[in-house]
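**Student:**
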Amino acid sequence: MKEKSEKNHMELIDEIKDCKCLENSYSDTSSTFSRRIPKKIQSEKIFLTSKERKKPQESKDCNYLCSYHSVSIDKINSQNYEEMKLHYQAVLQVTPFKIGSTSEFLVFKLKKEAGKVKPTPNLGNSFHYSFFKSEKFSIQDIVEVTRIKFRDV
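Just so we're aligned, residue 0 is where the sequence shown starts under numbering that gives the first Met the number 0, counting upward by one.
Here's what the structure looks like:
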């Protein structure tokens with residue numbers, strides 16, 4: 000099983016090495032991040048990339064490939080907390096989870112071994128980051144701070 004994991008990681012590196020996805024990325028154990036999640040999802044599945052979820056690859060464009068091989072997270076702090084709540088409320092209105100109104104956002108920190116983050120702001124979300132998991136990533140590399148239900152937002 001370990002060999003397969005390493006092989007997949009090597010394939011990932013080969014596939015995106017020319018895109019320089021990890022350029023300007025860094026390990027961040029002091030910041031707090033958040034991720035929108037369905038309440039009933041298994042913990043291990045919260046941090047799957049699009050590739051790991053077997054979502055079809057739609058492009059060979061580097062921006063797309065970097066996103067496809069990373070996990071979408073948001074940096075959250077006391078200065079932007081209210082703005083992030085508004086962002087999540089707006090996103091929920093546009094793209095609600097099929098599970099219904101049981102969505103939450105997970106507030107967490109990363110352990111050093113988790114991987115690297117890179118600021119990737121996008122339209123409507125200046126706090127967006129791409130999280131590139133390490134080849135040895137496990138859910139234990141996530142330190143949960145809290146979960147906030149959308150109805151509480």
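Positions of the beta carbon are idealized from the N, C-alpha and C atoms, including for glycine.
1) How should V142 be labelled, buried or exposed, when 16 other C-beta atoms within 10 angstroms of its C-beta is the threshold for buried?
2) How long is the line joining the alpha carbons of K59 and H68, rounded to whole angstroms?
3) Which residue's Cα is closest to the Cα of S30: S137, L122, G123 and K117?
4) Does the beta carbon of E43 fall short of 7 Å from some heavy atom of the ligand COA?
5) Here's the rule I'm using: 16 or more other beta-carbon atoms within 10 Å means buried, otherwise exposed. How should G114 be labelled?
6) Excluding five sequence neighbours on each side, which residues of the same chain lie with their C-beta closer than 8 Å to the C-beta of F107?
7) Rounded C-beta distance between F131 and L21? I'm assuming under 8 Å.
8) Please state the DSSP three-state secondary structure of S42.
9) Under 8 Å Cβ to Cβ from N79, same chain only, skipping five residues before and after it: list those, please.
10) Could you give the distance in angstroms between the alpha-carbon of P120 and the alpha-carbon of L105?
**Tutor:** By the coordinates alone:
1) Here residue 142 is taken as the residue at index 143 of the sequence shown, counted from 1. V142 comes out exposed.
2) For this step, residue 59 is matched to residue 60 along the sequence shown. For this step, residue 68 is matched to residue 69 along the sequence shown. Linking K59 to H68 through their CA atoms gives a straight-line distance of about 12 Å.
3) Within the sequence shown, numbered from 1, the residue matching residue 30 stands at position 31. Per the Cα distances, K117.
4) Judged by which ligands are present, the structure shown has none, so any question about the ligand COA falls away.
5) Along the sequence shown, read from residue 1 onward, the residue named residue 114 stands at position 115. Buried: at least 16 other Cβ atoms inside 10 Å.
6) As a first step, residue 107 must be located in the sequence shown, where it is residue number 108. Same-chain partners within the cutoff: T31, F32, S33, R34, I141, V142, E143 and V144.
7) Numbered from its first residue, the sequence shown carries residue 131 at position 132. Numbered from its first residue, the sequence shown carries residue 21 at position 22. Yes, F131 and L21 are in contact; Cβ-Cβ is about 6 Å, under 8 Å.
8) Position 43 of the sequence shown, counted from the first residue, corresponds to residue 42. Here S42 sits in helix by DSSP.
9) Position 80 of the sequence shown, counted from the first residue, corresponds to residue 79. Excluding positions up to five away in sequence, the list reads F126.
10) Taking the sequence shown and counting its residues from 1, one reaches residue 120 at position 121. Taking the sequence shown and counting its residues from 1, one reaches residue 105 at position 106. Answer to the nearest angstrom: the Cα atoms are 19 Å apart.
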